[in-house]
Amino acid sequence: METDYRLVDHEKPFRYREGDYDVTRGCAWTGPGCHLGCGVIMYTDADGKLVKCEGDPEDPWTDGRLCMRCLDVPEVTNHKERLQYPMKRDPKDRGKDIWERITWDEAYELITEKFMDMKEKYGAESVIFAQGTGRDIAAYITRLCWSFGSPNYTGLLSGQACYLPRIAGMAATTGHPWIPDAAQQFPERYDHPDYEVPEVMFIWGNYPLKSNIEGFYGHWVIDLMKRGMKLVTVDPKVTWLASKSELHLRVRPGTDAALALGMMKVIIDEDLYDHEFVDEWCYGFEELKERAAEFDVKRVSEITWVPEDLIIKAARMLGNAKNSTLQWGVAVDMTREAMPAGQAILALWEITGNMERPGGMIVAPEILSVAGGWGREVLGPEQEAKRIGIQDYPLYNFGFAVSQPDETVKTIETGVPYEIHGAWLQTTNPIACMGADPQRLYHALNKLDFIVVVDLFKTPTIAALADVVLPAQTFPERNGIAFVSGAQRGSTINKVTDVGECKSDMQINLELGKMWNPEAWPWDNVDEMYTDMLKPTDMTFEELQEVAPAYQPIEYYRYKTGKLRADGKPGFNTPTGRIELWSNFYNQAGLDPLPYFEEPEPGPTSTPELMDEFPLVMTSGARFWGMFHSEHRQIERMRHYRPWPLMEIHPETAEKYGIKDGDWVWMEGPMGRAKRKAKLTPIMDRRIVSCDHGWWFPEGDPEKFYDVFDLNINNTLPWIPGKSGFGSNYKSSICKIYKVQDGE
């Protein structure tokens with residue numbers, strides 16, 4: 000096989016025998032767990048049971064390192080509460096724990112009958128297709144949705160407020176997504192001759208040791224620190240990385256845009272920006288300079304709670320660094336005006352010339368462009384025009400093929416512009432995790448005629464809403480291709496075991512797709528489908544299994560050589576061919592073309608009249624060891640490490656409200672409340688409490704939906720997106736706290 004891809008020279012084949020075990024090298028790309036695609040070695044016994052999972056020491060990304068979720072995947076795969084066969088219940092029994100086991104054929108026939116009936120009566124657009132966190136089903140669920148004829152593929156998260164706001168914003172202003180350069184694009188990593196260690200890395204709104212996004216691993220930060228890199232941390236909490244940082248900016252949740260604009264003013268005023276890069280490769284600098292002039296450091300300090308001297312020092316560290324990079328996270332997305340916040344933050348690295356240079360920010364190399372959907376051409380323009388939200392939020396017309404979630408919920412409730420009658424929910428548990436105001440979402444979805452859920456375990460969403468349940472496989476039970484987010488490389492998920500009658504998400508989508516629209520699904524099996532998807536690489540799926548991971552050759556400064564544009568001209572893939580500090584796309588969509596700051600609402604400045612009753616700022620969703628979003632709550636070992644939903648609070652604040660460590664408390668905001676156990680810790684600002692998200696009790700009553708409506712922190716959050724339709728205030732609200740009383 001001849002290929003331009005760079006390969007890792009493995010000592011052993013991807014399958015081999017070791018003592019009493021069959022051993023398989025592969026990739027852990029969900030479910031269960033996160034988005035990353037860690038290199039794993041899986042051991043199966045003589046009965047084909049998965050007994051152990053270890054890190055692959057030959058994998059250049061992970062170097063044998065794994066978090067506890069992968070180490071404990073045998074417990075998940077073999078768990079007694081796994082869904083193992085299809086089930087159905089009468090829609091009139093929704094909410095009751097009354098299920099009938101059925102065969103796969105019966106399930107497929109029932110689903111097809113119901114969906115086709117809705118399509119004939121109300122149009123294919125009357126069925127929505129929703130997934131949860133961005134894992135490896137996007138290519139397949141989108142093809143299923145579009146080949147059925149529905150334009151309404153979505154995630155039931157207000158404002159798509161996780162990753163997509165930054166991705167959409169980067170695409171709109173630069174033509175590409177950007178990632179921090181930690182040498183992840185090279186098989187030899189830090190030893191590549193062109194690589195340079197960043198002088199300083201800003202970790203902004205992300206804690207990469209626990210929350211890994213965009214294919215970025217927290218241990219890379221440690222690797223680079225050992226090589227001399229300095230850190231600046233932007234985080235309300237004191238974290239381990241913050242304690243090792245040169246500067247720690249304890250920003251008030253939701254005010255990141257103001258902080259970035261204040262730093263920008265310092266960099267411009269002190270002439271620390273890269274004149275050559277700005278003059279030759281940026282568009283709209285004078286307009287940006289004028290906008291930044293509004294954000295003097297004193298004002299920014301008052302807004303953000305970050306001391307003036309730290310804002311100035313951080314700006315100077317960035318402006319004076321020979322190279323700098325940025326690792327940022329969903330805290331940026333989870334504010335209502337996420338788009339201008341992301342625009343402001345990235346502009347700091349743009350005007351300092353840290354783009355496409357070693358140790359700076361690089362355009363993520365892409366092998367297959369399927370993460371945002373696959374097979375959109377099968378939908379057709381007539382159905383595409385019916386996608387929910389594109390009239391209200393024009394930015395959704397610029398390549399982002401999702402229906403706007405807030406408008407989708409409103410459409411279900413009102414029947415305007417048309418009625419929604421069915422839902423396909425795959426790898427998502429929205430009333431426990433994604434959906435703002437979960438009781439509103441529950442009542443909306445409960446109006447639908449027919450709902451199918453595909454998952455690993457019975458969840459609150461299944462207990463409350465499902466009419467048919469299909470059991471999905473964990474990653475050790477299936478084959479797959481893994482190109483992950485960030486710097487793509489070619490990896491494979493390799494099947495080693497079977498549990499019950501479970502099928503992979505991809506097999507389920509393929510088999511139903513062949514029933515609904517066989518021309519759009521011409522493959523006989525998933526491996527054949529993967530090979531067809533891999534045509535651009537000149538590798539079959541079986542060939543990639545043998546050599547994975549495969550790395551795409553990459554170089555720096557591609558904007559100078561025409562390798563970032565389809566037409567081969569130098570520059571960036573934007574209307575002007577430059578990085579657009581003043582965005583033409585935003586302007587065309589009726590949005591402010593420059594970054595700006597808008598106060599979170601409710602909040603100390605936007606709603607001062609509420610602060611007497613709700614005196615604390617509440618942030619939510621910080622990741623913790625062992626669990627991923629609403630997963631792992633029934634996994635004994637994982638639950639041992641996090642048995643309860645926590646609210647982190649400073650000891651002095653807790654004393655003020657008569658709360659002791661371990662007390663059950665209500666955290667109540669203007670919209671609703673949620674139950675938490677208090678964890679007293681000095682890492683918190685005295686004015687802020689931090690609450691876990693995604694909680695439910697699998698040991699609870701399924702007919703009470705596993706207590707989700709007592710525990711879900713989203714009870715306190717509304718469905719209100721930003722002006723662009725992207726972003727929502729999941730991480731910045733206000734609250735009061737008080738003890739739970741007996742019987743509550």
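For reference, each letter of the sequence shown is one residue, going 0 to 743 in numbering that gives the first Met the number 0.
Just so you know, even glycine gets a beta-carbon here, dropped at the ideal spot from N, CA and C.
Check: Neighbourhood of Asn586 by C-beta distance below 7 angstroms, restricted to the same chain and skipping five residues each side; Outcome: Pro592
Check: Contact between the region 200-207 and the region 316-327 (3+ Cβ pairs under 8 angstroms); Outcome: yes
Check: Whole alpha helix (DSSP H) elements within the region 93-133, 4-residue minimum; Outcome: 103-121
Check: Length of the line joining the Cα atoms of Cys66 and Gly625; Outcome: 8 angstroms
Check: Minimum length 4: unbroken alpha helix (DSSP H) runs contained in the region 679-733; Outcome: 707-710
Check: Under the three-state DSSP convention, the category Trp520 falls into; Outcome: coil
Check: Short Cβ contact (9 angstroms threshold) for Pro750 with Val495; Outcome: The question about residue 750 has no answer, for the chain in this structure spans 0 to 743.
Check: Assigned secondary structure, Val415 (DSSP; H/G/I helix, E/B strand, else coil); Outcome: coil
Check: Closest residue to Phe276 among Lys722, Asp234, Pro207, Arg356 (Cα-Cα distance); Outcome: Arg356
Check: Helix, strand or coil at Val277 [DSSP, three-state]; Outcome: helix
Check: Separation of Ala435 from Trp718, as counted between CA atoms; Outcome: 6 angstroms
Check: Local Cβ density within 10 Å of Ser605, reported as buried at 16 or more and exposed below that; Outcome: exposed
Check: 6 angstroms Cβ shell around Leu367 - same chain, five flanking residues per side excluded; Outcome: Phe482
Check: CB-CB length for Asp410 against Ile387, believed under 8 angstroms; Outcome: Checking the sequence, you will find Thr at residue 410 rather than Asp. Confirmed, about 5 angstroms.
Check: Simplified DSSP assignment, three categories, for Gly54; Outcome: strand
Check: Helix, strand or coil at Gly158 according to DSSP, with G and I counted as helix; Outcome: helix
Check: Touching by the beta-carbon criterion (3+ pairs, under 8 angstroms), the region 177-190 and the region 369-389; Outcome: no
Check: Assigned exposure category for Gln740 - 16 Cβ within 10 Å defines buried; Outcome: exposed
Check: Buried/exposed call for Met0, threshold 16 Cβ in 10 Å; Outcome: Residue confidence is low: Met0 scores 38 on pLDDT, short of 50, so the model does not pin down where it sits. Its coordinate-derived value is still stated next. By the neighbour-count rule (16 or more Cβ atoms within 10 Å), Met0 is not buried but exposed.
Check: As assigned by DSSP and simplified to three states, the class of His748; Outcome: The displayed coordinates of the chain run from 0 to 743. Any statement about residue 748 would go beyond what the structure contains.
Check: 6 angstroms Cβ shell around Met354 - same chain, five flanking residues per side excluded; Outcome: Met360
Check: Close beta carbons around Ile682, own chain, < 6 angstroms, minus the five adjacent residues each side; Outcome: Lys236, Val237
Check: Proximity winner among Val7, Pro90, Met115, Asp135, relative to Ala370 (alpha-carbon distances); Outcome: Asp135
Check: Within 9 angstroms, strictly: CB atoms of Gly38 and Asp58; Outcome: yes
Check: 7 angstroms Cβ shell around Glu651 - same chain, five flanking residues per side excluded; Outcome: Arg685
Check: Where the beta strand (DSSP E) through Trp423 begins and ends; Outcome: 421-425
Check: Secondary structure, beta strand (DSSP E): runs of 3+ residues fully inside the region 270-343; Outcome: 323-327
Check: Limits of the alpha helix (DSSP H) - the one that Val75 falls within; Outcome: 72-76
Check: 9 angstroms Cβ cutoff met for Pro517 and Leu378; Outcome: no
Check: Val468 burial status per 10 Å Cβ neighbour count (16 or more: buried); Outcome: buried
Check: Integer-rounded CB distance, given that Tyr558 should sit under 8 angstroms from Pro569; Outcome: 6 angstroms
Check: Distance, Phe708 Cα to Ser723 Cα; Outcome: 30 angstroms
Check: Local conformation of Glu1 per DSSP, three classes; Outcome: Interpretation of Glu1 is limited by its pLDDT of 45, a score under 50 that renders its predicted location unreliable; no figure is taken from the coordinates.
Check: Through-space distance from Trp665 to Arg298, alpha-carbon basis; Outcome: 34 angstroms
Check: Cβ-based burial, Gln159 [other Cβ within 10 Å; buried from 16]; Outcome: buried
Check: DSSP state of Arg188 mapped onto helix, strand, coil; Outcome: helix
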